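First to last, the protein sequences are chains A and B.
Residue numbering for the first sequence follows my numbering, beginning at -6 and increasing consecutively.
Residue numbering for the second sequence follows my numbering, beginning at 6 and increasing consecutively.
Ideal placement from N, C-alpha and C gives every residue a C-beta, glycine not left out.
These figures come from a predicted structure and were not determined experimentally.
For reference, the structure discussed in these notes is given below.
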Amino acid sequence: MRTVILASLRTHTRRYGAALLAIVVGSAFIVVTAALSSAVRDGLTAGIGEPYAGADAVLDRPSSGDAARLLAAAPGDDADAWLVGWTMQQVAREGKVIDSSTDIAQVPDRPAHRWQDLLDGRFPGAPGEALVDTNAAKAKQLALGDRLRIGTGSSALEVTVVGIADSPSNHAVASVYLLWSDLSRWADSLYVGSLAWSGGGYDAARSAIRTVVPDAEPTTVPAFLQELQREVNNGVDIIQVVVLLFGAIALVVAVLVINNTFTILFAQRSRDFALLRCVGATRSQVLRSVRLESVALGVLAAIIGVLSGLGAGYGLVALVRAQWPGARLGHADVAPAWLAGSAAVAVGVTLVAAWLPTRRAVRISPLAALRPDDSTQARTRTGRIRIAFGAVMLVAGVLGLVAAVATANVGALAVGGATVFLGVLLFGPILVPALIRATGPLTRRLLGPAGRLAAGNAVRNPRRTAATVASLLIGVTLTTAVLTGMASSRSAVSAEMDEQYSIDLTVTAQGPLPADAVDRLAAVDGVAAAVPVPGAVATIDDLAPLPLLPASADGDATVLHGALPTPGPRQVLVPWDLLGDGLEVGDVVPVTVGDRTRELRVAGGEGWGEAALVRRTTLDALAPAAAVHAVWLRAAGDADPEDLAGSVEAIAAPVDAGVENGLAKRSYVDLQLDVLTGGVVGLLAIAVLIALVGIGNTLGLSVLERGREHALLRALGLTRRQVRRMLATEAVLLSLVATVLGTALGVVFAWTAVRALVQPAIDGAGLVLPWGQLGLVVTIAALAGLVAAVVPSRRASRIAPAAGLSLD
Amino acid sequence: MTSLTSPQPPAPTVALAASARGLMKSFGRDDTLVHALRGVDLDLPAGRFTAIMGPSGSGKSTLMHCLAGLDQPTAGGVTVAGQALEGMDDDTLTRFRRDHVGFVFQAFNLLPMLSAAQNIWLPTELAGRDRERSLRERFDGIVETLGLTERLTHRPAELSGGQQQRVAIARALLSAPAIVFADEPTGNLDSSSSAEVLSLLRQSVRELGQTVVMVTHETEAATYADDVIVLADGRITERRQAAA
């Protein structure tokens, strides 16, 4: 039998091409994922201990107040303390905002503890000096000597860039580093990841820390680093699992493609098998030979897949490292276990996909070889069991989805969705031909006889058609579900953001604004509306003086996206980042303007700039002659958040007014959703790609099978172009049916997901259909169908009428 | 499509459906060169039933393919319905076939996914003539003559071999082509079905005035023909008129 296996592999290799490609892509994806995640892990953990060199103890995530107290106490104790933490501030140069939200961190005071690697210039030695990260400097074109304005309003700080540095640790990197004396002004809004303490060994450090913060639990540096490393690894592991999930989806699609390939190939070779049986091969010999053939295919695919995966993975990492050093990718190092795993998956997937077709292949009786060839007449019937099973799955799946909506349970959603999908797949052999037949009148009108022949060809083997469609259906359903789900979440989030950041830009001053400020702000390019807000500077308990604004101003409807929170008659709303450390929600405190005082209850909020919000009547009572202390701005629809903030800052800075940029925060959330959608769709594209290879493959194999038919059609008067058009139409019909069905399913899944997951979190979230994107998916699928048909239809149209008829 | 008046042959006394002059056809090259036709001169008069006979490999199928415009001869010329086939490009040749030539093959005659009626209409549909009233009447007549009225909605898989060949004959006759080529039309049939198919072919010549050229290796089949041409090793070795 060995000669038979080798000979048939030689003869049929080209026909296995597409199946091979499908497995190769799937297994290469696994290796690439491993390479990328190892590089990310390496990048994230490299130099992770550097910022803590010289420390005796580390305090994990102290509150910003505790951190500030510890930093203040350390010098007195003859110790040193420094922190790894960040505050996000706007950075401007020469009146132009270069980044509305930049991470600012600390450069330790003592030279021995400065963990940053200085590349150029010197470390900051005095207040007003800044160290800038080299990648940030490249991205924003910062140079030594540049003057930067960090933050806005009364807390804004002017600094000079005196040094450029790189970070040895991806974990502690920031764009700008300041001395604590400068950084401490934003202590309220500081996020502290960890605080390092040096002086006298661990026990001394521990007791010194606990004197300042009694309930603190500092750890030794090695213990802290071990925990940190574990957290980073967990994070990478989670991402890796999510990415591999997409790999699994791609492999499921590959299974369908390979299964279809084997089914078609074995149907075409049934006479060969029968002949083998006639000349004395036993059933198990034939079975073994075809199984070995699939193993050989799987092994070949595994080798190519692993090698191309290694090439692509290492190449990609090298490319990213060379082109985007700021991405801080480390070195790729794929463990042998990954290579073995990927290869095993490739072989396993091939075997699973070939199992049923091989069993069917050997069931052929030896007599079949002696009968005239009627393999193309094969009409498979859809089994009753299959339909019954499909119906049960559909019903069970729908019940699961209903349960998911009712209980907001992710597990029920996933299981229900998968079950419905399987039900639809089982119904495929009935559903898909019915849908294709429904397009019959249209294709016939558009394309004449070639169109009708195409529709006929597409439905003649319902199982094959259904399997081909199924492979594309998976990718399209998931893609449209993600697109629709994202569009729905986005509209829900954006409604939420309208409430949270209801004002695009606020300009808030610690004193009355000049009379022309409103007009000048209204005239800024990109400002659609500007509303002056009256107010007065108030003292709330022992906070620094803060402008007190009314929750409603005349004409504020022209600037507000959503309603501002409404304070009660005896309430004052204080920005969240001023609360804590002494002033808590629910406290009743004196609020004083000049010589008038009211006792008001404190509540938290944000979205109106650095000011406290009270009722209009409260303000009138406290400050009868309120002057304009703030201007609220509405941006034009196409305004760039950073350019606009720059222009507004140019007017606000000279009068010491702070600018809060709600627009930038909203566009940041938008960007994140865009990146998420793009990433998911990009990962799904691999499954769609494999499915399209599958469509081309099915068509190509059908063309081989229908050689005589095409020859007959050519003899009877079908022109070459009509043959090509017929096959292209068949491919487009298959991909369109898959896309339309997939889109319908995807929208239904998205709807249930929105009902089950988004609605409980965000009130009033509804289904939003991204018509443009869905239209794009359908168009791309139709075009891809055309592309998939190019090679097969060229081959088919090249057949000479006489040559085809004498084939036997 | 302009009708060309062929200049070469002297005005024939009988109208010719097709003719060939110096027809040569070889396959392969160098070592594997095979000469299927080595110079064939042939006139096929209109309105007659001609059988081309010969053993396997005698070149009879190649001759038919060249005469029908399914294959290009290596040398020599073919004229069908007064038009020279050489020099026609693939599209022109395809259109010429669907307008002037009908085919009945040995096997694999019908498209499996189309019904009998759809198969019969296919060539005229491809030519965009399926809505012509005269064709509709001719269709009814042919279907009735061939006894297919009850079978029109069936697919090929649901028809017997003889019925399938009758559908193929109906398809070949529908457009009233200048010439019908039948390639071993009885090759796959039992003797009674064979007799039926051959009678129908002869009937179409006698009653509808069709020209039919049949390639066969069965002597029995050739007895239905008016003229018999015998081929061996790519040359015509015998021409005879069967029982008048």
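Is residue i helix, strand or coil when you go by DSSP?
i       : result
A:I(-2) : helix
A:A339  : helix
B:A237  : strand
A:P207  : coil
A:L593  : strand
A:S182  : helix
A:R140  : strand
B:H222  : coil
A:P543  : strand
A:D99   : Residue identity check: residue 99 of chain A is Gln in the sequence provided, not Asp. DSSP places A:Q99 in strand when its eight states are reduced to three.
A:R372  : Residue placement at A:R372 is poorly supported in this model, since its pLDDT is 45, which falls under 50; the coordinates still yield a value, given next. Of the three classes helix, strand and coil, the one that applies to A:R372 here is coil, per DSSP.
A:D59   : helix
A:T145  : coil
B:H70   : helix
A:F116  : coil
A:F217  : helix
A:N654  : strand
A:T532  : strand
B:W126  : helix
A:D802  : Because residue 802 of chain A is not part of the residues shown, which for chain A are -6 to 801, the question remains open.
A:W317  : coil
B:D231  : coil
Please check the pair residue i and residue j, which I expect to be a contact at CB under 8 Å, by giving their CB distance rounded to whole angstroms.
i      : j      : result
A:V250 : A:S464 : 5 Å
A:A247 : A:N690 : Going by Cβ atoms, the distance from A:A247 to A:N690 rounds to 11 Å, so no, they are not a contact pair.
B:A183 : B:V85  : 6 Å
A:P120 : A:S31  : Between A:S31 and A:P120 the Cβ distance is about 43 Å, and since that is not below 8 Å, they are no contact.
A:A50  : A:T204 : With a Cβ gap of about 13 Å, A:A50 and A:T204 do not count as contacting.
Have a look at the options and flag the residue whose alpha-carbon is nearest the alpha-carbon of residue i.
i      : options                        : result
A:R563 : A:V500, A:K133, A:V595         : A:V595
A:Y802 : A:D59, A:A61, A:A74, A:E210    : The requested residue 802 of chain A is not part of the displayed model; chain A covers only -6 to 801.
A:V395 : A:V747, A:G655, A:R713         : A:V747
A:A320 : A:L435, A:A521, A:A129, A:V84  : A:A129
A:G820 : A:S148, A:T477, A:L258, A:A777 : Only positions -6 to 801 of chain A appear in the structure, and residue 820 of chain A is not among them; the question remains open.
A:S263 : A:V624, A:D126, A:V279         : A:V279
A:G444 : A:R430, A:R456, A:V696         : A:R430
A:P207 : A:T559, A:A60, A:S484, A:M479  : A:A60
A:A427 : A:E702, A:G323, A:N454         : A:N454
A:Q82  : A:D96, A:V90, A:L76, A:A72     : A:D96
A:A556 : A:L37, A:S545, A:A680          : A:S545
B:G52  : B:A226, B:Q208, B:V235, B:A237 : B:Q208
B:L119 : A:V668, A:L446, A:W317, A:V783 : A:L446
A:D265 : A:L779, A:T254, A:S282, A:A743 : A:S282
A:S182 : A:D570, A:R713, A:V668         : A:D570
A:L615 : A:A399, A:G228, A:V565         : A:V565
A:S287 : A:V90, A:R8, A:I157, A:L439    : A:R8
A:G598 : A:E577, A:R609, A:V584, A:V733 : A:E577
Please state if the CB of residue j and the CB of residue i are separated by a distance shorter than 8 Å.
i      : j      : result
A:Y494 : A:G393 : no
A:P101 : A:V185 : no
A:D110 : A:L137 : no
A:T736 : A:V327 : no
A:V607 : A:P505 : no
A:V530 : A:P543 : no
A:A72  : A:A201 : yes
A:A346 : A:N226 : no
A:G651 : A:G602 : yes
A:V408 : A:I755 : no
Can you pull the chain D neighbours of residue i, defined as C-beta to C-beta under 8 Å?
i      : result
A:A793 : Absence of chain D from the displayed structure is noted, the protein chains being A and B.
At a CB distance below 8 Å, what residues from the stretch 88 to 102 of chain B approach chain A? Give them in sequence order. D95, D96, T99, R100, R102
With 8 Å as the limit, tell me which residues of the stretch 443 to 467 of chain A have their beta carbon closer than that to any beta carbon of chain B; keep them in chain order. L446, G449, N450, V452, R453
Determine which residues of the stretch 693 to 711 of chain A have a Cβ less than 9 Å from any Cβ of chain B, and write them out in chain order. R701, E702, A704, L705, L706, R707, A708, L709, G710, L711
Closer than 9 Å, Cβ to any Cβ of chain B: which residues of the stretch 5 to 23 of chain A, in chain order? none
Where the stretch 125 to 152 of chain B meets chain A: residues whose CB sits under 7 Å from a CB there: L127, P128, E130, L131, A132
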